[in-house]
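Take the sequence shown: its letters are residues 14 to 928, numbered as in the numbering used here. Yeah, the Cβ is synthetic: ideal placement off N, Cα and C, and Gly gets one too. Note that the coordinates shown come from a computational prediction; the quantities given were computed from them, not determined experimentally. Notes follow the structure.
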Amino acid sequence: MAEDQMRITNGISLQTPTFDSRQDGLGIGNAAPKISWRFLYNDLSVRGWRQESYEIEVECRDTVETYRVQSPESVRVPWPSSPLSSRERATIRVRSIGVSQDVKDLTATEWSDWASVEAGLLERKEWRAQLITGQQEISLEKPIRPLLLRRSFGISNICPKISQARLYVTAQGVYHIYLNGNRVGDHFMAPGFTSYRFRFSYQVFDVTNLIQNGSKNVLAAEVGEGWYASSLWREGRQIYGKDMGLIAQLEIAFEDDHEPLIVTTDAGWEWNTGPMLASEIYDGETYDMAQEQPGWKTGAQAQPGTRWTKVTVLPLPAATFSAPDGPPVRATQEISPQRIFKSPSGKLLIDFGQNLVGKVDVRGLHKPTGHRVIFQHAEVLEHKEICMRPLRAAKCTDVIVCSGGELQSWSPSFTFHGFRFVQVDGWSPEDEFCPLREENIAAIVLHSDMKQTGWFSCSEEQINRLHENSIWSMRGNFLSIPTDCPQRDERLGWTGDIQVFSPSANFLYDTDGMLADWLVDLALEQNEDNGVPPMIVPNVQFAKESRPPQAVWGDASILVPWALYTWFGDKEILSRQYQSMRSWLDRGCSRGEDGLWTTSLWQHGDWLDPSAPPEDPGNGQTDGVYVADAYLVYVTGIISQVATILGCSDDARKYSDDHVRLKKVFQEKYITPKGMVMCDTQTSLSLALVFSLFASKDQIKNAGERLARKVRFAKFRVATGFAGTPIVTHALSRTGWHQLSYRMLLETSCPSWLYPVTMGATTTWERWNSMLPDGKVNSGQMTSFNHYALGSVSNWLHEYVGGISLIEPGWKIFKVQPIPGGTIRSADIQYESPYGLVKCSWSLDDDSVFSMKVQIPPNCSALVFMPEMEVQPKDRQGTVFGSGIYDLSCHFHAGTWPPTPLETLFKPPARKATS
């Protein structure tokens, strides 16, 4: 349609388009990236606007192509032009064409801003670089000292002006890289943690402005062990290899047809060691100021007593080089000390007020030569001293060896710690010369730099702190991979943890790229013989021959990609992971004669049930095989849906029949005709309810009543572990016991969600009682104070308290149905969906008037329910609203359920008489 024939709507505009799941388009690993755009309101009065078609302009190869596509889709639409080649760059812009509720004629948005995308090195043959390292004496008994590497190169004066320069880089280990003394990029712990036996991530940087035309240039790097060669949990050092080194390829293009210059890792490089004596993930970093080499990044002469040596060149690793889908690890926040104080034993402690993951930044340190300043990191205090025992073998200690000069600014390069408290030895506020002040130290927060997409708050400040704790635990545990804890000698990608937390994670941050990238490794690590995925991805236990299958953990191969699909609406993740899903279900699950799990295999089950002894966290109330069987029936139903979506009709029919058959077997095995279940626990009932394992409405009603009784019998305290915690409040709410969900949520005695909050927690704990009421730390060997799994109640907060949940994959259609309860009188929730901002805020006044404001993005619709008569949802159809902003209100009446009056449920506990 011609421009002058198109009526432009000023009420809606488009954000700059994005490509695949990337936050930027430089160095993308896909020749035909998918394109997405979000909508913004410019005029809040525009309602019911929906896209009917879109136009994309592609500028590439000195031509501009325009494509008009008749489609309502604006998320992950196909690349319209010919595929990109390696290094090829294109720019695109988009506009949407549609109609609104008030204007039926076609109108178009203004064109979006231009967005650029550039392919990385799409084929292995494009890599001319080699692996370079320095030959040190290496032992399994101690860490490998970090390397300094550098190479000089010149650009002749007769070369024309530089048009662009790109640096492609990865490492066996972790790196910082510099060009002419300037740090390239702002990444930490790059290239990240992947399954190094199969693939390495690489980064692409635009370094055009750092090249010096007509003069000498210096490319330099620091390389440390990282995950590649450090000690990883119980598996020892160097499980991937001992040759840590750099792979770097600098490509410089000129404005005319002059041959591009490719500077790569070859014999022109030299190596040395510098001031980092050791840098390990678990143990920390030791830095000797006296061994600093000023000017080494710009090619300065070696310092007296040091010698630069020609590097050793090794073949490239056999693994694939891949451009990552997820964002890099970056410094995202700086936190100042909340207080500096002395412990009872006289130790100097710094409290940053927040349990976080990152490192300290030291400024203005000036001490005599040889003086050592030691920083020990810990999450909690016990008896007012830092508690190192939960860290197990990890030392979590950084050391600065002073040289007599001033250290203007220093922070560790290749390690990170989980901490709130730092004990400092060798530096004190009482020092006569160079006393320690608050301005001399800060905490730098590190995590994968995902975009935050979800926000929640309500009228109960303790609930807000609970939700904030979930966010901080996610930040700390999404560092290159989704980990189980960020502080002790572990920090690994346990599959069960992310499986239960992924619905909450997908709301809080844009996890699409990071989790999709991690799933690539899960599929690569899956046992080729029996289809069993490892419980840890990347699998640091690959030397072990036996890998017993485990439900809940192995089910991550199905449920994490399913969660990504439902949240972001991209079928490609299902297509890519489909064989992994089938492999786990068809060959990985060890079955008995009835088709359910064999009873001869021990299962982790409802891991960390609060009734389990500290030394035996898998010994909970709910039978592990029951948990495994419930999951097996559920994931069989999920994969039948996946097969249908992918058009695999034979598979869909097979898995659907399997689901029906296994559900009947489960019912005969575990459920009585009246709806009582084996184990009779909060977890067993919740699994059967949320996984739809009952045969009739009467059974569901009876099971709901039984669960409510179990909750009351437990005095509203939580009695669930990994399997039950994400769903127990959902099970109550779905069966009409919504106020009991609130009552559980607001309980403060141990075990409960708010108990850690009352104990001053600023992150989610691994155990319900990681710290005991008397301030002692749980005696178990597995006690983390930063562990997101039990924070999965956030998903219930988002869906029931905030009141928004998806109906169609990708949030094209979603539900708005907040259900007030407990002592919460208002709530506000916002979610940056793939289409635009979703908002719902509600309040309940003293006259029981319920008021709600809803924002629905353009090109979306919502099914809205108002709590007009009672909290319990009926079989009502709701009201469909198109895009727009709506103010709604009604009279709220809580009804007569549950049988216990609300004022009794929420009455404060009676106080004991005191003399």
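Backbone CA spacing between residue i and residue j [nearest angstrom]
i: Gln512; j: Gly205; result: 21 Å
i: Gly804; j: Leu810; result: 11 Å
i: Ala802; j: Ile484; result: 12 Å
i: Ile175; j: Pro288; result: 35 Å
i: Phe919; j: Pro574; result: Reliability fails at Phe919, whose pLDDT of 42 lies under 50, so the model's placement of it is uncertain and the value that follows must be treated cautiously. Cα-Cα distance, rounded: 39 Å.
i: Gln351; j: Ser669; result: 57 Å
i: Leu27; j: Cys873; result: 14 Å
i: Asn453; j: Asp444; result: 13 Å
i: Val414; j: Glu821; result: 58 Å
i: Val82; j: Leu119; result: 14 Å
i: Pro96; j: Met527; result: 24 Å
i: Ala336; j: Arg433; result: 34 Å
i: Val884; j: Thr771; result: Low local confidence applies: a pLDDT of 41 at Val884 is under 50, so the model's placement there is unreliable, and no value is given.
i: Asn170; j: Ser228; result: 8 Å
i: Leu577; j: Ser846; result: 13 Å
i: Thr776; j: Gln465; result: 17 Å
i: Pro159; j: Gly254; result: 15 Å
i: Asp497; j: Ala391; result: 17 Å
i: Trp566; j: Thr733; result: 17 Å
Neighbourhood of residue i by C-beta distance below 8 Å, restricted to the same chain and skipping five residues each side
i: Leu327; result: Gln143, Leu144, Ile145, Thr146, Asp256, Gly258
i: Gln592; result: Ala536
i: Trp891; result: Per the sequence presented here, residue 891 reads as Gly, with Trp not at that position. Cβ neighbours of Gly891 beyond the five flanking positions: Lys828, Gln830, Leu876, Val877, Phe878.
i: Asp599; result: Gly544
i: Ile549; result: Leu505, Gly506, Trp507, Thr508
i: Glu283; result: Leu162, Arg163, Arg164, Trp321, Thr322, Lys323, Val324
i: Gly198; result: Ile190, Gln216, Phe218, Pro341
Whole-number beta carbon distance between residue j and residue i, since they are thought to touch under 8 Å
i: Ser486; j: Asn799; result: 5 Å
i: Ile826; j: Leu876; result: 7 Å
i: Asp629; j: Asp338; result: In fact, because the Cβ distance is near 39 Å, the residues do not count as touching under 8 Å.
i: Met594; j: Ile652; result: 6 Å
i: Gly608; j: Val678; result: 6 Å
i: Leu449; j: Val437; result: 7 Å
i: Ser797; j: Gln500; result: 7 Å
Chain E within 8 Å of residue i, Cβ atoms only
i: Leu27; result: No chain E appears in the structure shown, which is made up of a single protein chain.
Own chain residues within Cβ distance below 7 Å of residue i, not counting five before or after
i: Glu293; result: Pro156, Glu238, Ser243, Ser244, Thr428
i: Asn632; result: Ala625, Pro626
i: Asp568; result: Gln512, Tyr644, Val648
i: Ser416; result: Met302, Ala303, Thr382
i: His743; result: Val703, Trp809
Neighbourhood of residue i by C-beta, 6 Å cutoff - its chain only, sequence neighbours within 5 removed
i: Trp580; result: Asn519
i: Val655; result: Leu587
i: Gly467; result: Phe520, Leu521, Tyr844
i: Ala455; result: Glu347, Ser349, Asp374
i: Lys310; result: Tyr191, Gly194, Ala233
i: Arg20; result: Thr120
i: Glu298; result: Ser292, Asp411, Pro425, Thr428
Candidates the options: closest to residue i by CA position
i: Trp824; options: Ser697, Pro833, Tyr844; result: Tyr844
i: Ala736; options: Ala641, Gln149, Met784, Leu675; result: Ala641
i: Leu263; options: Val276, Tyr253, Gly308, Asp269; result: Val276
i: Ser570; options: Tyr899, Ala45, Asn540, Glu268; result: Asn540
i: Glu154; options: Arg589, Gly359, Ser165, Ala291; result: Ala291
i: Pro938; options: Gly849, Arg158, Asp219, Trp566; result: Beyond the ends of the chain as shown, which are 14 and 928, falls residue 938; an answer cannot be given.
i: Glu474; options: Val862, Arg589, Leu758, Val130; result: Leu758
i: Thr207; options: Ser515, Ile494, Ala732, Val565; result: Ile494
i: Ala331; options: Thr278, Lys728, Arg137, Asp859; result: Arg137
i: Phe491; options: Asp502, Asp523, Ser470, Asp900; result: Asp523
i: Gln752; options: Arg196, Ile48, Pro833, Arg722; result: Pro833
Proximity test, residue i beta-carbon vs the ligand GTP heavy atom, cut-off 7 Å
i: Gly605; result: Only the bare structure without any ligand can be found here, which leaves the ligand GTP out of the picture.
Original post:
Does the pairing of the segment 700-711 with the segment 681-691 give three or more beta-carbon distances under 8 Å?
Top reply: yes
Original post:
Are there three or more Cβ pairs, one per stretch, closer than 8 Å when the segment 50-65 is compared with the segment 101-121?
Top reply: yes
Original post:
Between the segment 316-336 and the segment 398-417, do three or more beta carbon pairs fall short of 8 Å?
Top reply: no
Original post:
Would you say the segment 447-466 touches the segment 756-774, given that touching needs at least three Cβ pairs under 8 Å?
Top reply: Segment contact: the segment 447-466 against the segment 756-774, fewer than three CB-CB distances shorter than 8 Å; contact not assigned.
Original post:
Are the segment 893-906 and the segment 66-79 in contact at 8 Å, needing three or more beta carbon pairs?
Top reply: Short answer: they don't touch.
**OP:** Flag this pair as touching only if the segment 97-110 and the segment 122-141 have three or more C-beta atom pairs under 8 Å; answer yes or no.
**Re:** yes
Subject >> At least 3 beta-carbon pairs within less than 8 Å: the segment 711-721 vs the segment 655-666 >> reply: no
Original post:
Does the segment 808-822 come close enough to the segment 831-838 that 3 or more CB-CB pairs lie under 8 Å?
Top reply: yes
Subject >> Three-pair Cβ contact test at 8 Å for the segment 363-375 versus the segment 212-229 >> reply: The segment 363-375 is not in contact with the segment 212-229.
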